[in-house]
Amino acid sequence: MTTSMSRLEDITLKQLSEQPHSDMDASQRDKVVQLCKQAFDMYEKSNERGKEEREASLISKYLKELLDHNYGPNWMVVVGQSYSSQFTSASKAYWHFYFRKNYITCFLC
232 MTTSMSRLED ITLKQLSEQP HSDMDASQRD KVVQLCKQAF DMYEKSNERG
282 KEEREASLIS KYLKELLDHN YGPNWMVVVG QSYSSQFTSA SKAYWHFYFR
332 KNYITCFLC
């Protein structure tokens, strides 16, 4: 059972890394997928109502710290089930995607 879940997750992560709405190169998107999974695994513990907003805040903060550490400072991360945004990002440093019932936007200022 663990093997099939792992295989299913691998397929899902591969599909995620191929989503449009990005100008990042494929290797960077693959790394962001792994960082995103790490952030969600760390903070997505509870299914209680009302915790989603707090978890999204913690996930975005943690993911930003991981991106800053791996790719240098000035990354911005937005996580949530619904939001709008307007921004200008550095070239080859933008990705908007859907992961575990949340929209995520990562970009470098």
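Be aware that the sequence shown starts at 232, since it is given in my numbering, and climbs by one per residue.
Ideal Cβ positions, reconstructed from N, Cα and C, are used throughout, including at glycine.
State the CB to CB distance for the pair W306 and L339, rounded to an integer number of angstroms; the pair is presumed to be in contact (CB under 8 Å). Position 75 of the sequence shown, counting from 1, holds the residue named residue 306. Position 108 of the sequence shown, counting from 1, holds the residue named residue 339. That pair is a contact at about 5 Å.
Nearest-angstrom Cα separation, counted from Q312 out to E284: Translated into positions along the sequence shown, residue 284 becomes position 53. Translated into positions along the sequence shown, residue 312 becomes position 81. Taking the Cα positions, E284 is about 9 Å away from Q312.
So the beta strand (DSSP E) F338 belongs to, where does it begin and stop? Locating residue 338 in the sequence shown gives position 107, counting from the first residue. Annotation: the continuous beta strand (DSSP E) that includes F338 extends over 333-339.
Just to confirm, is the Cβ distance from S291 to V308 under 8 Å? Numbered from 1 along the sequence shown, position 60 holds the residue referred to as residue 291. Numbered from 1 along the sequence shown, position 77 holds the residue referred to as residue 308. In contact: S291 and V308 (Cβ atoms closer than 8 Å).
In the DSSP assignment, the alpha helix (DSSP H) including Y302 goes from what residue to what residue? As a working mapping, residue 302 is identified with position 71 in the sequence shown. From DSSP, the alpha helix (DSSP H) with Y302 extends over 283-302.
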